[in-house]
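Asks:
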Amino acid sequence: MNRGLFETRFDALAQRRGADHQLVAQLQAYLMTREDNGRIYPYAVAPKLNIHLDQLMPELLHGVNAGIFDLHWDIRCPHCGRLVSDYRHLEEASQSEYCQMCAVNYDVDFAANVEVTFSMNDDIYDDDAFGDVERPEGVQMLTGLDMMHYPAFRNIFRDEVLSRREQLKITAVTLLFTDITGSTQMYEKLGDTVAYNIVRDHFDILFSEIESHNGVIIKTIGDAVMASFRSNEEAVRCILNGMGRFEEYNQERDLDHQVRIKIGLHRGPAILVTLNERLDYFGSTVNKAARIQGFAQSDQILLSQEVYETAGVQQVIESENKMYIRPMSLDLKGLEGQHGVYALSRNEPEPAVSQGLFSQLRARLGLG
Ligand SMILES: [Zn+2]
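Under my numbering, residues 4 to 371 are what the sequence shown spells out, in order.
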């Protein structure tokens, strides 16, 4: 190991703005105790340093930038778990891989077969000293999908995208779609400057809630936002918090200057692609999430059955002190059959059928 380079680069990491000095020193001391350049598994290191993974990840990622670590996209076999390929950049990954041990071809799942690991940078440790690539038993895997949802990753590795030819499947991801009610009228009525400021405030609120709940903003389409989350709980907690903040925002304003949004959430399998130089999703889960959002009324959150029927989600909803829940069945354009959806709102829903929806049952939760 080149100790001089190791120390110089760690000094640089500690000097960056916003660095956690104590953590950087701890990490440096820990790495000194390692005997070879085996893989560094974030889920194994965090407990050793007695910190949460969310604290460790930014330092590891900035450490890649500082030339301390190399980042690996390890492709594992879904059958035997062995390392099949190791890419330094996501752009090198391909949608299908072959495991020689199992003698099978398989489609790579970004949420199951792509593991993110680190090793000491090649300049610090030469390849001859290369160590173990097997994850210690009992250590959780940090998946590609996990990595994509770290704010530090998105800030530092904005250019890490898939090759335009490739698409990776994802077992499941939670998608959020939002849109503002009547923004066209708002621009007409209030004028561009005032309306734009309101729309920008709305983006600030949504973006900060999405970021702080480990979500990724995939894109904006006009005033609409598409974001993804690893779990239903985080997505629902994010949007309930967001709704609370819009309520506060609106309280201080007259009706014309208020923001009302319509929200849809759905979870299912998707395809990860690169579109306009950014990671994006494709597939029927995306279409369904967007269609569900299209049915939402102002100040209403529509959750697909797949999202609502998660134990954690119901706990999050029950912890809100006033929330009406109405199960519905929707006929979604372009998608077969009837789709179970739950409408959440703080206002008591009208009993009348509206927008072609029909209500089957109405339940009021969290009385108090
Ligand atoms: Zn295998």
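We put the CB at the ideal spot given by N, CA and C, even for glycine.
1) Starting from the Cα of Gln300, find the closest Cα among Gln58, Phe232, Val197, Gly185 and give me that residue.
2) According to DSSP, what are the bridge partners of Glu312?
3) Please determine whether the Cβ atom of Arg79 lies at a distance below 6 Å from any heavy atom of ligand 1.
4) To which residues does DSSP link Ser122 through a beta bridge?
5) Given Asn235, which residues of its chain have a CB within under 6 Å of its CB, disregarding the five upstream and five downstream residues?
6) Let's see if you can read the secondary structure: which residues bound the beta strand (DSSP E) around Cys241?
7) Is the separation between the beta-carbon of Leu145 and that of Pro45 shorter than 7 Å?
8) Under 7 Å between the Cβ atoms of His152 and Arg233?
9) With a CB to CB cut of under 7 Å and the five nearest residues on each side skipped, what residues in its chain are close to Gly371?
10) Along the chain, where does the beta strand (DSSP E) that runs through Asp283 open and close?
11) Pull up the DSSP beta-bridge partners for Lys222, would you.
12) For Ser166, name the three-state secondary structure that DSSP assigns.
13) If we call anything under 7 Å between Cβ atoms a contact, is Leu305 one with Val344?
14) Any heavy atom of ligand 1 closer than 6 Å to the beta-carbon of Cys241?
15) Does the stretch 95–113 come close enough to the stretch 72–87 to have 3 or more Cβ pairs within less than 8 Å?
16) Does DSSP put Phe180 in a helix, in a strand, or in coil?
17) Buried or exposed for Pro50, please, with buried defined as at least 16 other CB atoms from any protein chain shown within 10 angstroms of its CB.
18) By alpha-carbon positions, which one of Tyr327, Tyr101, Glu212, Asp112 ends up nearest to Pro154?
19) Taking 6 Å as the cut-off, is the CB of Met144 close to at least one heavy atom of ligand 3?
20) From this set, Ser307, Gln58, Asp302, Leu243, which residue's C-alpha is nearest Gly21's C-alpha?
21) Within 6 Å: the Cβ of Arg138 and any heavy atom of ligand 1?
22) Pull up the distance between the alpha-carbon of Gln363 and that of Gln170, whole angstroms please.
23) What I want to know is whether the C-beta of Arg85 ends up closer than 6 Å to one or more non-hydrogen atoms of ligand 1.
24) For Ile173, collect the residues of the same chain with a Cβ closer than 8 Å to its Cβ; drop the 5 residues on either side in sequence, then sort them by chain order.
25) How about the stretch 288–298 and the stretch 321–339: do they share at least three Cβ pairs that are nearer than 8 Å?
26) Once the 5 residues before and after Leu338 are set aside, which same chain residues still bring their CB inside 8 Å of it?
27) For Tyr128 versus Met4, is the C-beta distance shorter than 7 Å?
28) Can you give me the C-alpha to C-alpha distance between Leu360 and Tyr109, rounded to a whole angstrom?
29) Can you say whether Glu118 is buried or exposed, counting buried as having 16 or more other CB atoms within 10 angstroms of its CB?
30) For the stretch 30–107, which segments carrying the beta strand (DSSP E) assignment without a break, of at least 3 residues, lie completely within its bounds, in sequence order?
31) Comparing C-alpha positions only, which one of Glu10, Gln25, Thr11, Glu280 sits nearest to Val164?
Replies: Working from what's here:
1) The residue given as residue 300 occupies position 297 in the sequence shown. Looking at the Cα atoms, Gly185 is the closest of the given residues.
2) One-based indexing of the sequence shown puts residue 312 at position 309. Its beta-bridge partners do not exist; DSSP assigns none.
3) To locate residue 79, count along the sequence shown from 1; it is residue 76. Exclusion of Arg79 from the 6 Å shell around ligand 1 follows from its C-beta lying no nearer than that to any non-hydrogen atom of the ligand.
4) Residue mapping note: residue 122 aligns to position 119 of the sequence shown, counting from 1. Answer is Asp73.
5) On the sequence shown, residue 235 is found 232 positions in, with the first residue counted as 1. So the list reads Thr177, Arg270, Val310, Thr313, Val316, once near-sequence residues are dropped.
6) Residue 241 sits at position 238 when you count from the first residue of the sequence shown. No beta strand (DSSP E) contains Cys241, which is instead part of the alpha helix (DSSP H) from 235–254.
7) Position 142 of the sequence shown, counted from the start, is the residue given in the question as residue 145. Position 42 of the sequence shown, counted from the start, is the residue given in the question as residue 45. Closer than 7 Å, so yes.
8) Counting from 1 along the sequence shown, the entry for residue 152 is found at position 149. Counting from 1 along the sequence shown, the entry for residue 233 is found at position 230. Their beta carbons are under 7 Å apart, which means His152 touches Arg233 by this criterion.
9) Against the sequence shown, residue 371 aligns to sequence position 368. Low local confidence applies: a pLDDT of 31 at Gly371 is under 50, so the model's placement there is unreliable, and no value is given.
10) Reading the sequence shown from its first residue, position 280 is the one you call residue 283. Start and end: 281–285.
11) For the purposes of this step, residue 222 is taken as the residue at position 219 of the sequence shown. Its beta-bridge partners are Met229.
12) The sequence position of residue 166 within the sequence shown is 163, counting from 1. DSSP places Ser166 in coil when its eight states are reduced to three.
13) Mapped onto the sequence shown, residue 305 falls at position 302. Mapped onto the sequence shown, residue 344 falls at position 341. With contacts defined as CB atoms closer than 7 Å, Leu305 and Val344 qualify as a contacting pair.
14) By 1-based counting over the sequence shown, the position of residue 241 is 238. No; taking the cut-off as 6 Å, the Cβ of Cys241 has no heavy atom of ligand 1 nearer than that.
15) yes
16) Residue numbering aside, residue 180 sits at position 177 when the sequence shown is read from its first letter. Of the three classes helix, strand and coil, the one that applies to Phe180 here is strand, per DSSP.
17) Working through the sequence shown from its first residue, we reach residue 50 at position 47. That one is exposed.
18) Stepping through the sequence shown from its first residue, residue 154 is reached at position 151. Of the candidates Tyr327, Tyr101, Glu212, Asp112, the one whose C-alpha sits nearest the C-alpha of Pro154 is Glu212.
19) Only ligand 1 can be found as ligands here, which leaves ligand 3 out of the picture.
20) Position 18 of the sequence shown holds residue 21. When only C-alpha atoms are compared, the closest one is Gln58.
21) As a working mapping, residue 138 is identified with position 135 in the sequence shown. No; taking the cut-off as 6 Å, the Cβ of Arg138 has no heavy atom of ligand 1 nearer than that.
22) If you number the sequence shown from 1, residue 363 lands on position 360. If you number the sequence shown from 1, residue 170 lands on position 167. Low confidence applies here, because Gln363 scores a pLDDT of 40, under 50, leaving its location unreliable; read the following figure in that light. Looking at the two C-alpha atoms, the distance is approximately 40 Å.
23) One-based indexing of the sequence shown puts residue 85 at position 82. At least one heavy atom of ligand 1 is nearer than 6 Å to the Cβ of Arg85, so yes.
24) What you label residue 173 is simply residue 170 of the sequence shown in a count that begins at 1. Once the five neighbours on either side are set aside, the close Cβ partners of Ile173 are Asp112, Phe113, Ala114, Leu148, Pro272, Ala273, Ile274, Leu275, Tyr284.
25) yes
26) Residue numbering aside, residue 338 sits at position 335 when the sequence shown is read from its first letter. These residues qualify, in order along the chain: Ser287, Asn290, Lys291, Arg294.
27) Taking the first residue of the sequence shown as position 1, residue 128 is located at position 125. Taking the first residue of the sequence shown as position 1, residue 4 is located at position 1. Contact flag set, yes.
28) The residue you call residue 360 lines up with position 357 of the sequence shown. The residue you call residue 109 lines up with position 106 of the sequence shown. Model confidence at Leu360 stands at a pLDDT of 42, short of 50, so the residue's coordinates are unreliable; what they give is reported in the following sentence. Roughly 42 Å separates the two Cα atoms.
29) Sequence index remark: in the sequence shown, residue 118 carries index 115 (1-based). Buried: at least 16 other Cβ atoms inside 10 Å.
30) 72–79, 86–90, 99–102
31) Here the question's residue 164 lines up with position 161 in the sequence shown. Per the Cα distances, Glu280.
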